[in-house]
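**Student:**
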């Protein structure tokens with residue numbers, strides 16, 4: 001199948017290095033301590049953060065740092081065909097773990113010992129790149145909750161199809177079976193916190209593809225910073241400063 | 001769970017007794033309701049309803065299936081509700097399952113009528129493609145994104161809005177197929193049939209706190225309830241379904257009183273919801 005036309009356009013009309021439209025919004029769930037909606041094209045996720053609060057299961061309490069927990073769930077209607085999967089299948093557990101580890105790396109957990117932070121991400125629409133979208137939403141939600149972080153973690157995927165590196169794969173490109181590199185970075189510190197790849201790729205091409213994904217992450221980080229800045233300005237305005 | 005001090009509990013109960021609740025509402029006033037339709041691109045119809053701090057999404061997906069052999073002239077509709085852990089940490093893992101099952105059952109009771117489909121808010125005969133052979137199965141999924149009490153009314157409103165947003169593809173059946181063959185169909189991508197949703201009822205829940213009952217209770221108020229009665233009422237003021245929740249017993253005369261009050265409240269709710277749905281559809285068409 002042809003994923004990049006001779007004119008250099010992808011199935012959804014994007015250029016190979018072009019990202020889908022991204023949109024982030026802070027404060028989607030009124031009851032949560034922090035929450036956000038993040039969209040990458042048709043992929044749409046909601047993240048909610050509860051905490052820092054008292055640890056519920058005393059056995060898990062840590063005296064030197066905060067406990068970070070994460071749960072990823074997909075809505076029944078999120079995929080093209082309606083699915084009815086039991087909660088907590090292997091894929092969800094794996095993604096929950098990935099998100100937890102990525103967020104733990106940026107939260108300054110040592111500042112909040114004996115407490116617990118819960119991150120819940122809910123996929124409303126899945127169209128490829130849910131992992132990345134969830135991490136981006138979780139970052140926004142954590143920032144909204146005012147939890148101290150070292151930096152903003154952002155994530156983006158890139159792939160390699162028809163001998164072309166492609167940024168931000170959608171569902172059709174993702175299921176084409178080519179390599180799919182998901183990268184998460186701390187944008188200011190310039191450190192990679194998440195790296196996952198399936199299928200195979202020659203070393204020198206991998207470097208290009210990963211570089212492309214990192215560029216994508218940086219673009220998202222800039223956008224998230226703008227959203228947060230805008231949100232802070234509005235808060236300021238409401239307080240009449 | 002909601003943690004309230006003795007003082008706060010007295011404040012809520014006292015306010016309700018004086019017809020002035022904590023957020024300034026009267027006993028039978030609803031919180032502001034906002035409707036957004038067409039929020040999910042992949043569904044046949046969808047809507048997001050916010051009722052104060054409560055936020056729910058409903059989606060309608062249609063699939064072709066076989067009708068039940070007992071009712072060959074009717075399509076099938078099922079309602080599932082899922083409580084997302086984003087709404088409350090206690091819904092984490094399997095924690096939300098009990099509430100999800102309770103809400104699903106209540107919505108099925110209130111909107112779908114009896115097992116035969118009699119009294120359903122949706123005309124099930126309209127879902128038939130080939131009698132006895134093929135029909136549309138409607139899957140209605142509700143998702144609770146944020147919970148601040150009165151989930152049932154919000155879900156009912158969201159489903160009503162999602163149904164009026166739903167377009168079912170027109171199906172052309174190839175003529176000449178014999179009676180025992182599978183009919184050949186051609187699903188159109190351009191022509192869509194809209195539903196008649198004027199018969200879909202709204203759900204009004206009256207929550208009894210102390211000696212009085214209130215409409216559209218918040219989470220704090222719900223924690224003080226002794227019992228609640230959910231009544232689904234359609235446009236003509238007919239009662240389509242009913243459910244009592246909570247442990248405490250209710251005097252039958254109080255129940256009758258609550259039903260007539262809910263009928264009165266539903267008039268305003270239907271009018272408000274209709275105007276919100278049409279406004280949301282105009283918004284969607286413009287964007």
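Chains as they are written, first to last, in the UniProt record's numbering: chain A, 1 to 241; chain B, 1 to 287.
No residue lacks a Cβ here, since even glycine has one placed at the ideal position from N, Cα and C.
1) Is the Cβ of residue 133/A closer than 9 Å to any Cβ of chain B?
2) So the beta strand (DSSP E) residue 227/B belongs to, where does it begin and stop?
3) Let's see if you can read the secondary structure: which residues bound the beta strand (DSSP E) around residue 72/B?
4) Listed from N- to C-terminal order along the chain, which residues in the stretch 133-153 of chain B have their beta-carbon within a distance smaller than 7 Å of any beta-carbon of chain A?
5) Name, going along the chain, the residues of the stretch 24-47 of chain A whose beta-carbon falls closer than 9 Å to a beta-carbon of chain B.
6) Grouping DSSP H, G and I as helix and E and B as strand, with all else coil, what is residue 220/A?
7) Compute the Euclidean distance between the alpha carbons of residue 234/B and residue 200/B, then round it to the nearest angstrom.
8) In this structure, how does DSSP classify residue 180/A when only helix, strand and coil are distinguished?
9) Quick check: what's the CA-CA separation for residue 49/A versus residue 253/B?
10) Which residue marks the beginning of the beta strand (DSSP E) containing residue 48/A, and which one marks its end?
11) Quick check on DSSP: helix, strand or coil for residue 30/B?
12) What did DSSP end up calling residue 163/A once you bin it into helix, strand or coil?
13) I need the DSSP call for residue 195/B, collapsed to helix, strand or coil.
14) Strictly below 7 Å CB to CB, what residues from chain B border residue 146/A?
15) When the cut-off is 9 Å and only beta carbons count, does residue 86/B lie next to chain D?
16) Given a cut-off of 9 Å, decide if residue 16/A and residue 299/A are closer than it, judged by their beta-carbon atoms.
17) Look at the alpha carbon of residue 158/B and the alpha carbon of residue 228/B, and state the distance between them as a whole number of angstroms.
18) Would you please state the rounded distance, in angstroms, between the beta carbons of residue 121/A and residue 194/A? I believe it to be under 8 Å.
19) Considering only their Cβ atoms, is the gap separating residue 137/B from residue 78/B smaller than 9 Å?
20) Compare the C-beta of residue 57/B with all C-beta atoms of chain A and state if any pair is closer than 9 Å.
21) Please report how far the alpha carbon of residue 90/B lies from the alpha carbon of residue 96/B, in whole angstroms.
22) Suppose the cutoff is 7 Å on Cβ atoms and the five residues either side in sequence are ignored; what does the same chain contact list for residue 214/A look like?
23) Verify whether the separation of the beta carbon atoms of residue 179/A and residue 204/A is less than 9 Å.
24) Helix, strand or coil: which one does DSSP assign to residue 61/A?
25) Taking only beta carbons into account, state which residues of the stretch 53-83 of chain A come closer than 7 Å to chain B, listed in chain order.
26) Could you check the C-alpha separation between residue 35/B and residue 59/B for me, to the nearest Å?
27) Within 9 Å (strictly less), CB to CB, does residue 226/B reach chain A?
28) If you run the structure through DSSP and keep just helix, strand and coil, what is residue 102/A?
29) Going by DSSP in three states, residue 309/B sits in which element: helix, strand or coil?
30) Can you tell me which of the three DSSP states residue 267/B falls into?
31) Alpha carbons only, please: which of 269/B, 37/B, 173/B and 24/B is nearest the one belonging to residue 331/B?
32) Which first and last residues belong to the alpha helix (DSSP H) in which residue 220/B is found?
33) Output, in chain order, the set of chain A residues within a Cβ distance shorter than 7 Å of residue 160/B.
34) Could you tell me whether the stretch 65-80 of chain B touches the stretch 189-198 of chain B, using the rule of 3 or more Cβ pairs below 8 Å?
35) Going by C-alpha distance, which of 172/A, 106/A and 64/A is nearest residue 161/A?
**Tutor:** This is what the structure gives:
1) no
2) Segment 227-233, the beta strand (DSSP E) holding residue 227/B.
3) In the DSSP assignment, residue 72/B falls outside any beta strand (DSSP E) and carries neither an H nor an E.
4) 139, 141, 143, 145, 146, 147 and 148
5) 28, 29, 30, 31, 32, 35, 42, 44, 46 and 47
6) helix
7) Roughly 6 Å separates the two Cα atoms.
8) DSSP, reduced to helix, strand and coil, places residue 180/A within a strand of the structure shown.
9) 45 Å
10) 43-54
11) Residue 30/B: coil per DSSP, three-state reduction.
12) coil
13) coil
14) Residues of chain B passing the Cβ test: none, with the nearest at roughly 18 Å.
15) Protein chains in the displayed structure are A and B, and chain D is not among them.
16) What the structure shows of chain A is the stretch from 1 to 241, and residue 299/A is not part of that stretch, so it cannot be assessed.
17) 21 Å
18) Not a contact, Cβ separation roughly 15 Å.
19) yes
20) yes
21) 7 Å
22) Only 183 and 185 meet the Cβ criterion.
23) no
24) coil
25) 71, 73, 75, 76, 77, 80 and 82
26) So the two alpha carbons sit approximately 13 Å from each other.
27) No, its Cβ sits nowhere closer than 9 Å to a Cβ of chain A.
28) helix
29) The shown model of chain B, from 1 to 287, leaves out residue 309/B, and the question about it has no answer.
30) helix
31) In the structure as shown, chain B starts at 1 and stops at 287, and residue 331/B therefore has no counterpart that could be examined.
32) 219-222
33) Residues of chain A passing the Cβ test: none, with the nearest at roughly 17 Å.
34) Verdict: no, contact absent.
35) Per the Cα distances, 172/A.
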